[in-house]
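What follows is a short report on a single structure.
Residue numbers (the working numbering), protein chains in the order written: chain A, 1 to 167; chain B, 1001 to 1748.
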């Protein structure tokens, strides 16, 4: 039995200790927004936040997150957001998802949960990233539809929204 | 934008056939509710399932004038989309056509994926076959979906005219509201749905004059954005059905190897594993969840019979093809007398090109949910060949196609892979479901391929070798052009052979070469189609993936010999091809062709390269800007793209498809290569099969040639043009054209 916090709620899962967090989330906690893409930490489709930092859930045995806090795409999405409204990540998530929708970043969409989790973590840490900052933070997330051009633009737009909201 | 999307998962058709439209008014609605309620699952995007089951907010009949539109008393307009949404925008573009002619408010539109049905949902370009591919979704639906909307509108107007006792001609419709100005009356679609359902379906309708378009030609937000940014969109990988099991398959290590014997016991000893089944393509391990199934597969003992396995590989195939390229093949086009013209030429130029196997590598590895109950088969998937699959899967379990129900889910990318003429992974899922049923487990099962399964399964863009020879006269004019192509036929042995293979020539092998638009008096294109044990398939833009590269880089090579500017040279040879010319001129102008480029840093050189190519009746021109460093490394900084695709229904989706197509094509050109060694695939995951990442993505600037022509496809035509544009830019610095793809070789 492994216990951790998932999107603000305590969960206890009866799964093998070596099961990757990804499959515990998808098959046992029944949250399917986090995607399986490669299983070797190369594509980023499975990106979640571990105590606020982006991690590849396919590479983490579920036992490694015992007692820790995991946030998934469902956890940062309004109205189901598990984050306190004033939390930096909550504000970043709102700005990112809004920019993503306004710019119609998505195509097939399969990688986008992971892209958004990486982008939210970036903006929570760095509210006005440069193109180079974006490339560094997002290079671990593959998009085969190659929506990269719009991902870059949407992160800049979200950053502008965050700074104007503050002003 | 709060349009809602639902994917039909009811086990009966949600819509009565068109000829049922005059049946008892509520028949369509009742069928839908009954079917929806009869199944334990409703997949709704953007709405919780409780609301999805039925929104009985208003009483009365639903207006269902045809198989594509339903207008409910709750004022929702449901558009049924017959084409798979795999990222290319069908769930936005097709509803736009309906909403336009219906004069609906975009916010009242809901989208639903059509169930497989060759009669109602066939691709009009493909006869009695439902399918998505060849960049045809918008082109074949343009009139059909507009008529569907116009028909519903006419019935609403007719009902309003009767209710208000006013002439129909005095009623206007805008944003989902009907109005009669003189009497000040108005009503929503929902208020009139019940009455309109009693109206006769008009046999003819008048479509709008394009100058009156409100939505077509404007940016309309994607209907699937919201669900795809909050994680609620449901792909096959995400589907959960009551009692559903998960299967992974141990596949043979080499093409042509077969299972000899296996020991299921170690796999069955893994907690959660419920069955081990031999199937034609390997041995399936079925478990309660993915991880147990995968652990079971690790423990499973299989001995493979490799006596019939393929002993060759990419290197031997390419060597053989280079030999074949010395001999004439079947002639696909022959203008003038190229041999004689070559003999008389002042200068002869020759080049041989090689192209590797390429995997599609969609983000969602292949998968499918299958449920076999003995007398019926149900499949849940995002696949492109619905009714081809329906027939093939039915045959595999001894059922007629009408007993095979296919439910359309979002596809996490495809790029052609989910249009497998042999239904490969769907067949695998079907065999597993059948195997389970034979053991008394009549349960739905989700086949999950790991990335390694997906990358090593085959169905690649074929290896090709091209040999080009051209002759120039003293003035530098191209007087002769001989183009020989060697590569496996994608179409041979498929249901499409009759339509697409003519006189032994697979049209997809020579497209882009046999229809070369340039004015060259003596031109020959011929083809060899050797067979290989490695299964092959179309890859985004099909033949153009290789023909655009060889023709457009060879042309630049000839221009260099003649001292001709690449844009001016193409312009001179494109007389009689106004759409190509329009794309070329727009790209050149917007890229500032002929003006100086901003200089690079010390030790860097910068240059532009151009290419233009037609695929799927769409013309695309691209100008690539590159920076090359002293060590030979380079970056693609910017791409200016112009597209001539007829009327652009949704210019933003067109731009998105060009951007994505460029990224996909660049990924293949820079790094893409699958190597087969002794019958086994070397690359198995993204560590070895390298794909483009954000830090390698150029800035992209897309321009659309204004056109009133019928819309043509945009999903594929952006892809093939980028590789020659980049190669031509680099060659303008180095004088050398890369004749081998990928440009950047993996370290062996």
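Just so you know, even glycine gets a beta-carbon here, dropped at the ideal spot from N, CA and C.
Bear in mind the structure is a predicted one, so any value in this text is a computation, not a measurement.
Bridge partners of residue 1605 of chain B according to DSSP: B:1628.
Within the model, the alpha-carbon separation for residue 1257 of chain B versus residue 1492 of chain B is close to 22 Å. Counting of Cβ neighbours within 10 angstroms places residue 1475 of chain B among the exposed residues, the total staying below 16. Taken in chain order, the complete beta strand (DSSP E) segments of 3 or more residues contained in the segment 1494-1569 of chain B are 1522-1528. Remark: C-beta atoms of residue 1614 of chain B and residue 1717 of chain B approach each other more closely than 9 Å.
For residue 1357 of chain B, none of the residues of chain A pass the 7 Å Cβ criterion, the least Cβ distance being about 17 Å. Per DSSP, reduced to three states, the secondary structure at residue 1716 of chain B is coil, with no helix or strand assignment. Within the DSSP secondary-structure output, residue 1460 of chain B pairs in a beta bridge with B:1536. Under the rule that a run must span 4 or more residues, the alpha helix (DSSP H) segments found entirely inside the segment 1274-1346 of chain B read 1290-1299, 1314-1324, 1338-1344. The segment 1447-1464 of chain B makes contact with the segment 1529-1547 of chain B; the number of CB pairs closer than 8 Å reaches 3 or more.
Under the DSSP definition of a beta bridge, residue 1378 of chain B partners with B:1371, B:1405.
When DSSP states are grouped into helix, strand and coil, residue 1638 of chain B belongs to the strand group. The count of Cβ pairs closer than 8 Å, one atom from the segment 1165-1173 of chain B and one from the segment 1433-1445 of chain B, stays below three, leaving the stretches out of contact. Taking each of B:1330, B:1543, B:1317, B:1085 in turn and checking the Cα distance to residue 1223 of chain B, the smallest one comes out for B:1085.
Contact between residue 1160 of chain B and residue 1192 of chain B holds: their C-beta atoms lie close to 6 Å from each other, under 8 Å. Relative to the Cα of residue 30 of chain A, the nearest Cα in the group A:68, A:67, A:6 belongs to A:6. Of all residues in the segment 33-61 of chain A, only 33, 34, 35, 36, 37, 38, 39, 40, 42, 43, 45 place a beta-carbon less than 8 Å from a beta-carbon of chain B. About 4 Å separates the beta carbon of residue 1669 of chain B from that of residue 1723 of chain B, a gap short enough to meet the 8 Å contact definition. Listed as beta-bridge partners of residue 1101 of chain B by DSSP are no residues whatsoever. Within chain A, the C-beta atoms nearer than 9 Å to that of residue 1667 of chain B come from 144, 146, in chain order. In the three-state DSSP reduction, residue 135 of chain A falls in the helix class (H, G or I). Using a CB distance below 9 Å, the part of the segment 1227-1250 of chain B facing chain A consists of 1227, 1228, 1229, 1230, 1231, 1232, 1233, 1234, 1235, 1237, 1238, 1239, 1240, 1246, ordered along the chain. The C-alpha of residue 52 of chain A lies about 11 Å from the C-alpha of residue 122 of chain A. An exposed status is given to residue 1307 of chain B, since fewer than 16 other beta-carbon atoms sit within 10 Å of its beta-carbon.
For residue 1432 of chain B, the enclosing alpha helix (DSSP H) starts and ends at 1424-1438. Here residue 14 of chain A is exposed: its Cβ has fewer than 16 other Cβ atoms, across all protein chains shown, within 10 Å.
For the pair residue 1147 of chain B and residue 1203 of chain B, the Cα-to-Cα distance works out to about 10 Å. At a Cβ-Cβ threshold of 9 Å, residue 1381 of chain B and residue 1368 of chain B count as neighbours. Within 9 Å of the CB of residue 1450 of chain B, the CB atoms of chain A belong to 36, 38, 39, in sequence order along the chain. By the neighbour-count criterion, in which 16 or more other beta carbons inside 10 Å mark a residue as buried, residue 1420 of chain B falls on the buried side. The three-state secondary structure of residue 1245 of chain B, taken from DSSP, is strand.
Here residue 37 of chain A really is in contact with residue 1451 of chain B; their C-beta atoms are around 7 Å apart, less than 8 Å. One Cα belongs to residue 1577 of chain B, the other to residue 1521 of chain B, and the distance between them is close to 16 Å. Only those residues of the segment 1696-1722 of chain B whose C-beta falls short of 9 Å from the nearest C-beta of chain A are listed: 1696, 1697, 1698, 1699, 1700. Around the beta carbon of residue 107 of chain A, 16 or more other beta carbons lie within 10 angstroms, which makes this residue buried. In the structure shown, residue 100 of chain A falls within a helical segment according to DSSP collapsed to helix, strand and coil.
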